[in-house]
Amino acid sequence: ILSKYELAGGCARWMFDFTQDDCLRDFNARMKMVSDYQRLFDEVGGNELRDSVNYLRGATVNRGERGREKTSYFFISKRAMRGLAEKCTDKRAFVVKSYRKADKTGNPAYRGWVFEFDVDYQLQLAHGQPTKKIVLQIRSGEKEEWSVSRYVGGADAKDAIESLRGEEVLWVKAAAWNQASYDFLRFWSREGKLQMAA
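For the sequence shown, this note's numbering gives the first residue as -1, with consecutive numbering after it.
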């Protein structure tokens, strides 16, 4: 059920009326039709495109000023968000706009999806820099500097940990979509002993 929810999210038809295989096939077909994630946030034209967009986004209705209802759109599932992010060339713009849209819905789970993608993006960015470092604004007025000597997926973690040397800092992304307890792990050596933080 959880693996299907990661794919189908808030789409009741996918969740309850489709088998897992049929859901995946239909999901992939809808994703092929939507080339730009911004179409999920705006009104779109064309019946065929509108149909696919409506499958891939969920509507949240909140009370605005003077009790008026306000509708906000967000990705229907975590898989839809990640799939559409992979299609865009400006990942930073995607992160910023997604944070804003998530906040409008008032659903903290949506912001969590974006945060996970944001951390992944920042680690990839830092790993590609000559300094292998990136400075992050953690809270208002507080900053942290992350060293990212290497960044690997969970499947490559064992070999990467065993080859950790000197002052290197290794970051590992969880291999499983539903990894319990953590999304990322950090490894480094101190006084000859392996250190780890989640």
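C-beta atoms are modelled at their ideal positions from N, C-alpha and C, and glycine is treated no differently.
Item                                                                                     : Value
Delimiting residues of the beta strand (DSSP E) encompassing Asn60                       : Arg55 to Arg61
Buried or exposed (CB count within 10 angstroms, at least 16 for buried), Glu99          : First, the amino acid is wrong: residue 99 is Lys here, not Glu. Lys99 should be labelled buried.
Through-space distance from Asp40 to Ala91, alpha-carbon basis                           : 16 Å
Same chain, Cβ closer than 7 Å to Arg37, five either side skipped, listed in chain order : Val51
Alpha helix (DSSP H) segments (min. 4 residues) lying fully within the segment 5 to 48   : 18 to 31
Backbone CA spacing between Tyr71 and Asn26 [nearest angstrom]                           : 20 Å
Residue from Gly110, Arg23 and Asn105 whose Cα sits closest to the Cα of Val93           : Gly110
8 Å Cβ cutoff met for Val146 and Leu121                                                  : yes
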